[in-house]
Ligand SMILES: [Zn+2]
Ligand SMILES: [Zn+2]
C-alpha cells in the first residue's frame, strides 16, 4: 500500500476480569472490565475497531466522540457481563447518527442480537434494544475457525470462508470483498480460535498485512493440560500477545481450576512455545491490588526465564487501563 505511515496500535480501555472495581490500591492497573481498541490504517476512513464492550467501552466511546469518530465496529470474544456491560451506557449506543456494527459468536440460538435484545430491556435496563437497533447492526459468527474477517480501507469489513481465503492467498489471487477485488497485502486479516472457557469464546489474531505486524488477544482462556498445536499456530510469531493470567498458580491449583481463566506461568509457556515476542498479562482478578498484579507479572517473567527467554523482564508486562501499545 502506498504512503504507509503507522503500524497497528492497541489501546487498552479495560483490563479487569469479572467485575469493574474502584480501589485506591488498584489505581495503577485500573478497574474497567475488558475492552480494547485496535488502530490500523487498514480500517476504512472514519471507523474505529474495538474488541469487547466491558465497562472500558464507556471511556472508549467518549474518546471516539472527541475524535469525531461516529462509526465503530466491535468484535466480541463472548457474552459474559464483564465483556458486554459497557455497551448499555456508551454514547455511541444512543446517538442516532452513529453506525455501530457488532460481530460475535452464535451458539445454541444465542448470538449478538439475542444477547442485547434480552439484556437491554425493562426491567433490566430502561431503554429497549429495539429503540436503538436501527443504527446497531449485529452479525453472528458461526462455527468459529471456518470464517475469517478481512478489513480493507476501501472495501470495509467482510467475512470470508476460511478455505476460500487460504486458497486465494496460496494462489496469489486477489480477494473478492463486496463488489471489488483487492490484494490481501492491503488488508487487516482477523483469524479466530475457540478458547478454553465455560461459554463459546473466541480469541482473535490480527494480521496487519501491509506492515507484517501481528497481535493476538487471548482472554478468558484456561490452562490446557498440554499446548494444543492449533493454539500454538494461532499465536505463532505474534509481535504482541495479550493473555488471561488472572490466577496465581497456587490459587488455580487449589480453588479456581475449571473457572475458565489462566495462570501467568501458562501464559509464559504459550508465549515461549509459539514464538510470540511480547506478552501482556490481562483479565486481572477483581480482588487483585496493584502489588498482586505485579506478582502475576513476575510469575510470568520467572517462568519465561526458566524456559530460556533471557529478556523476560522487558517483554512481559501487566496490562493497564489506558495503556497504548505499538504492535
Ligand atoms: Zn471475562
Ligand atoms: Zn468469560
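Numbering (the working numbering), first residue to last: 2 to 328.
We treat Cβ as the ideally placed atom computed from N, Cα and C, and that holds for glycine.
The model shown is predicted, which means the values in this text are computed figures rather than measured ones.
Sub-8 Å separation of residue i and residue j beta-carbons
i           : j           : result
residue 319 : residue 304 : no
residue 152 : residue 44  : yes
residue 61  : residue 51  : yes
residue 8   : residue 236 : no
residue 149 : residue 163 : yes
residue 26  : residue 240 : no
residue 13  : residue 323 : yes
residue 75  : residue 101 : yes
residue 85  : residue 116 : yes
residue 18  : residue 284 : yes
residue 242 : residue 189 : no
residue 265 : residue 301 : yes
residue 198 : residue 179 : no
residue 24  : residue 55  : no
Helix, strand or coil at residue i [DSSP, three-state]
i           : result
residue 2   : Residue placement at residue 2 is flagged as unreliable, the pLDDT there being 43, under the threshold of 50; the coordinate-derived value follows with that caveat. If DSSP states are grouped into helix, strand and coil, residue 2 belongs with coil.
residue 321 : coil
residue 159 : strand
residue 327 : strand
residue 130 : helix
residue 255 : helix
residue 166 : helix
residue 278 : coil
residue 93  : helix
residue 245 : strand
residue 108 : strand
residue 310 : coil
residue 10  : strand
residue 114 : helix
residue 236 : helix
residue 88  : helix
Residue i Cβ short of 7 Å to ligand 2 heavy atom set
i           : result
residue 81  : yes
residue 197 : no
residue 261 : yes
residue 251 : no
residue 221 : yes
residue 68  : no
residue 202 : yes
From the options, residue whose alpha carbon lies closest to that of residue i
i           : options            : result
residue 58  : 265, 39, 291, 118  : 39
residue 78  : 164, 253, 248, 145 : 145
residue 118 : 109, 104, 133      : 133
residue 196 : 205, 138, 90, 310  : 205
residue 312 : 299, 323, 112      : 299
residue 113 : 265, 139, 101, 270 : 139
residue 21  : 314, 326, 288, 308 : 288
residue 226 : 251, 267, 238      : 267
residue 104 : 262, 73, 10, 212   : 73
residue 228 : 275, 168, 157, 136 : 275
Beta-ladder partner(s) of residue i, from DSSP
i           : result
residue 36  : 15
residue 194 : 204
residue 101 : 73, 137
residue 151 : 159, 190
residue 214 : 209
residue 182 : 177
residue 283 : 245
Residue i CB to nearest heavy atom of ligand 1 below 7 Å
i           : result
residue 18  : yes
residue 35  : yes
residue 164 : no
residue 153 : no
residue 84  : yes
residue 144 : no
residue 284 : yes
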